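Note that this note's numbering gives residue 930 to position 306 of the first sequence, counting from 1, and the numbers run on in steps of one.
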Amino acid sequence: MYFSQIKELIKEVLGERELRIPLNEKFGDLSLYLSKELPELNFDFIEKVEPVNNYLNIFIKKDILFESIISEIIKDEKREKKEKVTLEYLSPNTNKPLHLGHLRNAVIGMALANAFKELGYQTFRINIVNDRGEHICRSMLAYQKWGKKETPESMQMKGDHFVGYWYVYYSQRETPELKKEVHTMLKKWEEGDKETVALWQKMNKWVYQGFKETYQKAELSFDKVYYESDLYRLGKKIVKEGLDKGIFYRGEEGDILFDLPEEEFGLNKDGSDKKIILLRKDDTSVYLTQDLGMAVSRKRDYDFDRSIYVVGLEQSYHLKCLFFILKALGYSWADRCFHFPYGLVYLPEGKMKSREGKVVDIDDLTDKMQELAQKEISKRERVKDQDRSLKIALAALKFNLLSIQPKQEIHFDPKKSIAFEGKTGPYCQYSLVRALNILKEKELTKEINFSSLKQGKEIVLVRQLSLYPEIIQKSVDTFNPSLIANYIYEISKTFNQFYNLCPVLKAEEETIQARLALVKAFSIIMKKGLTVLNIPILEKM
RNA sequence: GCCCUCGUAGCUUAAUCGGAUAAAGCAAUUCCCUUCUAAGGAAAAGAGUGCAGGUUCGAGUCCUGCCGAGGGCACCA
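Listed below in structure tokens is the structure:
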């Protein structure tokens, strides 16, 4: 019998009441809060039932507890095929390199996607490249005016850093005249002016080469890349259709607008109704224009049941507008679009600002972390290991970003390096390495007698391991991958305690097998969890 | 002015969708490497959860009002 079946049987007797799995070994293997009456539980797998402090603690016969949980973890499960979910994350601009904020975005987006996948959903991970618009023209204009003879090679820079250099260069010199020139450039670009488009293509190519390197090194991935430049025309078309249908209207200056209802959006500071612009008077498109195009094309391409936008908390208003307008246009699936908000990453001096060059760059950060990881390796072994040091560095970095609740702002101090000890990614990696080393030493037999397992840490560990499916489910339900990261840490911690107290290979033969099975179950859950979080798994540290 | 998010040990964060004595890491104090790798473990210390009320058998979690921090509110994305 599997543990999930045991829980079901008990739940049938208890009705709607919540069944919990206490992590304090003194309490039951299962427990629930009792309001009044004591339910009768007559199952042969129950060892004893203890009412304490208004709680009912249910103790399962130990050998059955271990057997039912471990066998359920070890078996191959078939997943039913569930609905289609698209997840959009990363969404870089092609005017600057990727920074820590992008990394947080991508890392939580990928983790959520994997969690959905783990539950059987069909996931489509989408990266939308913001490759057009006024901000892109800024770096183009600066390069055209002041840097024409330079190339990434001539300045010995990665392509994305090179373009970012000109973006900062522009921002430091911005004047009203330059602003106008930027807008003229955008207009020319939208009209397909050959020279402008050629410049745009040249610079984007550099950026993409740079991004590619960052993606590879930081292990960022997606299933599909969309480019806004391919979609903004569809956006314009949708806006014009909306205008024809009378959903939108032309403002006095010729721009296309939409009125936001007071009940949902409130009023402006001066008490006037809120409206939002969908297309500029000169027919150039704004953020919302292309977002409409992207939403519609995404539905067309994937026919999703759910569409999730992993976008900063600061854009809640914008996304609320977007979903509302989609609904107003008659797209009923607008109700199936969700914003997964996360907090910004701050530096000691405040918000990261690309235009001022005040950012923590992913490339620099990864390199620095890798160096530190190599130093840690050197403390233990006289070797240089590029692969291992990178994997440890990524574990430290990603776990650090993932273990914090998405909505929480992150205050990152570049001077304080991310740790490799304590509650960290490498700690989790290390725990798994220990488990794998034990498993390498001895073969697991088929028939296992679990009755020799009775240590407190063994019991707590097996109870914790049984929670994995719930944790994944909850993190999906609440858009919160940090639950998984914290869970992985908690089971690592219990495992390390077990490791110190309960020698596996030096025990009695029967105990060896039972403990080996527990270690095996731990390793399975750890591998799954780390994979969901995209944290590299190591065989050796 | 209005809206959104967050306020938990010195610092950084947890807390099983309202439940048992609020839990960890870092820093500071001890102890443990002839034992499956010490990126580890053990011990002790440290907050009653911004403030004031309310709902509930029960509140860090929900509601109201303040205080504080951050973000947002039409041609930036």
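Just so it is clear, CB atoms sit at the ideal spot from N, CA and C, and this is done for glycine as well. In this text the structure is predicted, and so the values were computed from the model without any measurement.
Query                                                                                                                              : Result
Beta strand (DSSP E) segments (min. 3 residues) lying fully within the stretch 820-859                                             : 848-851
Close Cβ partners of residue 1014 (< 6 Å) along its chain, the five nearest in sequence each way excluded                          : 994
Chain-order list of residues whose beta-carbon lies under 7 Å from that of residue 1001 (same chain, five-residue window excluded) : 1007, 1009, 1012 and 1013
Cβ separation of residue 1068 and residue 1141, assumed to be a contact under 8 Å, to the nearest whole Å                          : 6 Å
Top-ranked residue by Cα proximity to residue 899, from 920, 937 and 942                                                           : 942
Beta-carbon proximity list for residue 1092, same chain, < 6 Å, skipping 5 on both sides                                           : 1149
Range covered by the alpha helix (DSSP H) that runs through residue 788                                                            : 783-797
Any alpha helix (DSSP H) of 4 or more consecutive residues that is wholly inside the stretch 688-769                               : 724-742
Residues of its chain near residue 829, where Cβ-Cβ distance is below 8 Å and the 5 sequence neighbours each way are ignored       : 783
Inter-stretch contact at 8 Å, needing at least 3 Cβ pairs: the stretch 854-863 / the stretch 916-923                               : yes
Span separating the alpha-carbon of residue 1065 from that of residue 1136                                                         : 11 Å
As assigned by DSSP and simplified to three states, the class of residue 1072                                                      : coil
Simplified DSSP assignment, three categories, for residue 1126                                                                     : coil
Residue closest to residue 1096, alpha-carbon to alpha-carbon, out of 1154, 677, 909 and 866                                       : 1154
Runs of beta strand (DSSP E) lying entirely within the stretch 894-970, each at least 3 residues, in chain order                   : 898-903, 930-936 and 961-966
Cβ neighbour criterion (16 or more within 10 Å) applied to residue 770                                                             : exposed
Cβ shell of residue 810 (< 6 Å), same chain only, five flanking positions each side left out                                       : 758, 761 and 908
Complete alpha helix (DSSP H) runs within the stretch 1028-1057 (minimum length 4 residues, chain order)                           : none
Same chain only: Cβ atoms within 6 Å of residue 1044, ignoring 5 sequence neighbours per side                                      : 1000, 1020 and 1050
Euclidean distance between Cα positions of residue 974 and residue 729                                                             : 19 Å
Beta-carbon proximity of residue 953 to residue 866, cut-off 9 Å                                                                   : yes
Residues that residue 682 bridges to, as DSSP identifies them                                                                      : 654 and 673
N-terminal and C-terminal residue of the alpha helix (DSSP H) that residue 1085 is part of                                         : 1080-1089
Residues sharing a beta bridge with residue 1169, DSSP                                                                             : No information on residue 1169 is available, as it lies outside the stretch 625 to 1165 that the chain covers here.
C-alpha distance - residue 889 paired with residue 754, whole-angstrom precision                                                   : 27 Å
Sequence-distant residues of its chain with Cβ nearer than 8 Å to residue 715 (five each side left out)                            : 729, 751, 752, 753, 754 and 935
Of the listed residues 1113, 1075 and 1082, nearest to residue 1167 (C-alpha basis)                                                : Absent from the model: residue 1167. The displayed extent of the chain is 625 to 1165, so no value can be given.
The stretch 786-797 touching the stretch 824-838, judged by at least three CB pairs closer than 8 Å                                : yes
Local Cβ density within 10 Å of residue 720, reported as buried at 16 or more and exposed below that                               : buried
Contact under 9 Å by Cβ, residue 706 with residue 733                                                                              : no
Secondary structure of residue 1009, DSSP reduced to three states                                                                  : coil
Bridge partner(s) assigned by DSSP for residue 996                                                                                 : Answer is none; residue 996 lacks a bridge partner.
Beta-carbon gap between residue 1099 and residue 1107 smaller than 9 Å                                                             : yes
Cβ distance (whole Å) where residue 1161 is taken to contact residue 1151 below 8 Å                                                : 6 Å
Contact check, residue 630 vs residue 683, beta carbons under 9 Å                                                                  : no
Proximity of residue 711 and residue 651 at Cβ, strictly below 9 Å                                                                 : no
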